[in-house]
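Peer 1: Numbering-wise, the sequence shown is residues 1 to 207 according to the UniProt record's numbering.
Don't be surprised by glycine CBs; every beta carbon is placed ideally from N, CA and C.
Computed from a predicted structure; not experimentally measured.
Got a structure here, written out as structure tokens. Questions coming.
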Amino acid sequence: MSRLILLLATTFATILAVGLWIPLKALAAQELLELAWAESQARQQQTRPWPWADTWPVARLAMPETGQSLIVLEGAHGESLAFGPGQMIGNDGQAGPVVIAGHRDTHFRVLQHLETGSRVQLQDRTGRWRNFRVDRIRVVDSRHEQINTAILPRDSLLLVTCYPFDAVENNGPLRYVVEARAEPMKTTVEGSDSLPAEAAASLARST
1 MSRLILLLAT TFATILAVGL WIPLKALAAQ ELLELAWAES QARQQQTRPW
51 PWADTWPVAR LAMPETGQSL IVLEGAHGES LAFGPGQMIG NDGQAGPVVI
101 AGHRDTHFRV LQHLETGSRV QLQDRTGRWR NFRVDRIRVV DSRHEQINTA
151 ILPRDSLLLV TCYPFDAVEN NGPLRYVVEA RAEPMKTTVE GSDSLPAEAA
201 ASLARST
């Protein structure tokens with residue numbers, strides 16, 4: 001009986017450790033990314049969060065209504081998405097559409113709480129913020145519809161994750177797409193990493 005109890009306890013501990021590893025890794029990585037982002041802004045150059053990383057911070061994404069502030073990485077490949085949302089389309093704050101992807105069970109789980117009219121904010125390396133308003137949320141089947149970058153409005157921001165959020169299996173064909181459009185541009189002090197007042201107040205209330 002004692003062996004059975006030990007086996008069950010070991011099995012449970014293993015399952016718990018595996019289940020917690022991904023979200024804990026994602027959380028810990030954001031702390032390292034915060035440091036890399038601060039250095040990137042101070043030096044105005046790409047800064048890798050750790051020596052062997054094949055990605056680097058390119059933006060900060062804030063969602064005031066949810067109290068979320070995330071560092072966005074270059075690229076949307078496996079390694080970058082394990083540590084934070086990844087920029088699929090975009091170029092260092094230059095004009096043009098931006099597409100950011102993230103995992104539904106970690107960083108982009110928050111997308112389910114956005115609504116039409118929600119504010120989303122994006123900061124580039126110079127400290128400049130762009131404000132967006134969500135104007136459409138939809139679920140698409142990736143087997144039949146792909147994001148056509150050629151027809152995206154230049155002032156658009158798309159946030160993409162897998163769907164449904166509570167799916168048991170990964171890599172399903174459905175995608176949850178939050179579409180937002182830019183508002184008139186506002187700036188902060190060049191190089192500043194501080195959030196706009198509205199976002200900062202929301203984040204303060206959430207802690």
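Compare the C-alpha of arginine 128 against each of Gly117, Ala28 and Ala62 and name the closest.
Peer 2: Looking up residue 128 in the sequence shown gives position 128. It is Ala62 whose Cα lies nearest to the Cα of arginine 128.
Peer 1: Can you look up serine 142 in the DSSP assignment and give me helix, strand or coil?
Peer 2: By 1-based counting over the sequence shown, the position of residue 142 is 142. Three-state DSSP puts serine 142 in coil, outside helix and strand.
Peer 1: Assign asparagine 170 to buried or exposed, taking buried as 16 or more other Cβ atoms, counted over all protein chains shown, within 10 Å of its Cβ.
Peer 2: Here residue 170 refers to the residue found at position 170 when the sequence shown is read from its first residue. With fewer than 16 other Cβ atoms within 10 Å, it is exposed.
Peer 1: How do the region 131 to 142 and the region 99 to 108 stand: do at least 3 beta-carbon pairs fall below 8 Å, yes or no?
Peer 2: The region 131 to 142 is not in contact with the region 99 to 108.
Peer 1: Which term fits valine 110, buried or exposed, when burial requires 16 or more other beta carbons within 10 angstroms of its beta carbon?
Peer 2: As a working note, residue 110 is residue 110 in the sequence shown. Buried.
Peer 1: Count the other CB atoms within 10 Å of the CB of leucine 158; is the residue buried (16 or more) or exposed (fewer)?
Peer 2: Residue mapping note: residue 158 aligns to position 158 of the sequence shown, counting from 1. Buried.
Peer 1: Taking leucine 70 and glycine 90 to be in contact with their CB atoms under 8 Å, please state how far apart those CB atoms are, rounded to whole angstroms.
Peer 2: For this step, residue 70 is matched to residue 70 along the sequence shown. For this step, residue 90 is matched to residue 90 along the sequence shown. Incorrect: roughly 15 Å between the Cβ atoms, too far for contact.
Peer 1: Work out the CA separation of aspartate 124 and alanine 38 for me, nearest whole Å.
Peer 2: Working through the sequence shown from its first residue, we reach residue 38 at position 38. Working through the sequence shown from its first residue, we reach residue 124 at position 124. C-alpha separation (whole angstroms): 11 Å.
Peer 1: Could you compute how far the alpha carbon of tryptophan 21 sits from the alpha carbon of tryptophan 52?
Peer 2: For the purposes of this step, residue 21 is taken as residue 21 along the sequence shown, with counting starting at 1. For the purposes of this step, residue 52 is taken as residue 52 along the sequence shown, with counting starting at 1. At tryptophan 21, the pLDDT of 42 sits below 50, so the modelled position is not reliable and the matter cannot be decided from this model.
Peer 1: Whole angstroms are fine: how far does the CA of serine 156 sit from the CA of alanine 59?
Peer 2: If you number the sequence shown from 1, residue 59 lands on position 59. If you number the sequence shown from 1, residue 156 lands on position 156. Roughly 15 Å between the two C-alpha positions.
Peer 1: So, is valine 72 buried or exposed, given that buried needs 16 or more other C-beta atoms within 10 angstroms?
Peer 2: Taking the sequence shown and counting its residues from 1, the one referred to as residue 72 is at position 72. Its Cβ being crowded by 16 or more others within 10 Å, valine 72 is buried.
Peer 1: Could you tell me the boundaries of the beta strand (DSSP E) in which leucine 70 lies?
Peer 2: In the sequence shown, residue 70 corresponds to position 70, counting from 1. Counting along the chain, the beta strand (DSSP E) containing leucine 70 begins and ends at 68 to 74.
Peer 1: Just reading off the alpha helix (DSSP H) that glycine 78 is part of, what are its end residues?
Peer 2: Here residue 78 corresponds to residue number 78 of the sequence shown, with the count starting at 1. Run containing glycine 78: 78 to 83, per the alpha helix (DSSP H) assignment.
Peer 1: Have a look at Thr66, Pro49 and Ala82 and flag the residue whose alpha-carbon is nearest the alpha-carbon of glutamate 34.
Peer 2: Locating residue 34 in the sequence shown gives position 34, counting from the first residue. Per the Cα distances, Pro49.
Peer 1: List the endpoints of the continuous beta strand (DSSP E) containing glutamine 123.
Peer 2: Taking the sequence shown and counting its residues from 1, the one referred to as residue 123 is at position 123. From DSSP, the beta strand (DSSP E) with glutamine 123 extends over 119 to 123.
Peer 1: If we define contact as Cβ-Cβ less than 8 Å, is isoleucine 100 a contact residue for chain D?
Peer 2: The structure shown contains no chain D, having only a single protein chain.
Peer 1: Report all residues from its chain with a CB closer than 8 Å to the CB of tyrosine 163; omit the five preceding and five following residues, and keep chain order.
Peer 2: The residue labelled residue 163 in the question sits at position 163 within the sequence shown. Contacts found: Arg104, Val139, Gly172, Leu174, Arg175 and Tyr176.
Peer 1: Can you tell me which of the three DSSP states alanine 59 falls into?
Peer 2: Taking the first residue of the sequence shown as position 1, residue 59 is located at position 59. Note: alanine 59 maps to strand in three-state DSSP.
Peer 1: Excluding the 5 residues flanking arginine 181 on each side, which residues of the same chain have their C-beta closer than 8 Å to its C-beta?
Peer 2: By one-based count along the sequence shown, residue 181 stands at place 181. Taken in chain order, the residues that qualify are Phe132, Arg133, Asp135, Pro153, Asp155, Ser156 and Leu157.
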